[in-house]
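Q: 11 is the number of the first residue of the sequence shown in the numbering used here; add one for each residue after it.
Ideal Cβ positions, reconstructed from N, Cα and C, are used throughout, including at glycine.
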Amino acid sequence: MPRPLPRASGPLSGAVTVPGDKSVSHRAALFALLAGGPCRASGWLVSADTLASLDAVAALGAAVARQGTAIEVDAAGAPAPALRAGGAPLRIDCRNSGTTARLLCGLLAGWLPPGGPGVVLDGDASLRRRPMGRVVEPLRAMGARIQWLGEPGRLPLRIAGAALRGCAHA
11 MPRPLPRASG PLSGAVTVPG DKSVSHRAAL FALLAGGPCR ASGWLVSADT
61 LASLDAVAAL GAAVARQGTA IEVDAAGAPA PALRAGGAPL RIDCRNSGTT
111 ARLLCGLLAG WLPPGGPGVV LDGDASLRRR PMGRVVEPLR AMGARIQWLG
161 EPGRLPLRIA GAALRGCAHA
């Protein structure tokens with residue numbers, strides 16, 4: 011039978027370091043891209059998925075630095091010049107991160123400059139089997155320009171800049 015902990019003889023004090031959160035870490039990297047200037051975050055969770063998001067931010071034109079669980083993103087150079095002018099769409103490999111792909115769909119739909127070449131989101135074979143329509147269809151209802159490049163509802167897809175409008179979605 012486990013012994014109960016003894017009663018404290020006085021107040022407790024100390025410091026606890028909470029591990030990073032994957033969901034928050036994805037969003038910290040992507041929100042930093044939207045900031046248009048330098049952003050720092052500590053306690054960032056280092057994982058294959060969150061690194062896919064951080065690499066996407068760099069591909070979109072932000073300067074990115076990581077030291078352990080701290081990241082610094084300076085989005086002053088974003089969007090990348092190639093996204094503003096003609097040429098081929100920028101290709102971003104989301105690897106196996108569904109969160110990276112889905113969050114980027116929403117971010118890019120309203121952030122990319124209209125008239126530019128857009129961005130192709132792709133991933134590994136496993137990610138290409140995962141559904142993306144539940145994110146893409148509401149964005150299309152808002153005016154997003156998203157095109158399936160393979161099987162409908164699955165990666166790869168191309169997103170071009172567009173002016174979005176609000177809508178009710180059930």
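In its own chain, which residues sit with a C-beta less than 7 Å from the C-beta of residue 165, not counting the 5 before and 5 after it?
A: Hits under 7 Å: 111, 131, 132, 133, 137, 138, 142.
Q: Which residue spans inside the segment 41 to 95 form an unbroken beta strand (DSSP E) run of at least 3?
A: You should have 48 to 52, 73 to 77, 80 to 84.
Q: From 43, 59, 87, 22, pick the residue whose C-alpha is nearest to that of residue 105; which is it?
A: The residue with the shortest Cα to Cα distance from residue 105 is 59.
Q: Determine the contact status of residue 74 and residue 64, defining contact as a CB-CB distance below 8 Å.
A: Yes, they are a contact pair.
Q: Tell me whether residue 149 sits in a helix, a strand or coil according to DSSP, three-state version.
A: Helix.
Q: Is residue 38 helix, strand or coil by DSSP?
A: In the structure shown, residue 38 sits in a helix (DSSP, three-state: H, G or I).
Q: Measure from the alpha carbon of residue 149 to the alpha carbon of each residue in 169, 66, 47, then state which is nearest.
A: The residue with the shortest Cα to Cα distance from residue 149 is 169.
Q: Would you call residue 42 buried or exposed, if buried means 16 or more other Cβ atoms sit within 10 Å of its Cβ?
A: So residue 42 ends up on the buried side.
Q: Could you tell me which residues DSSP puts in a beta bridge with residue 131?
A: Answer is 102, 167.
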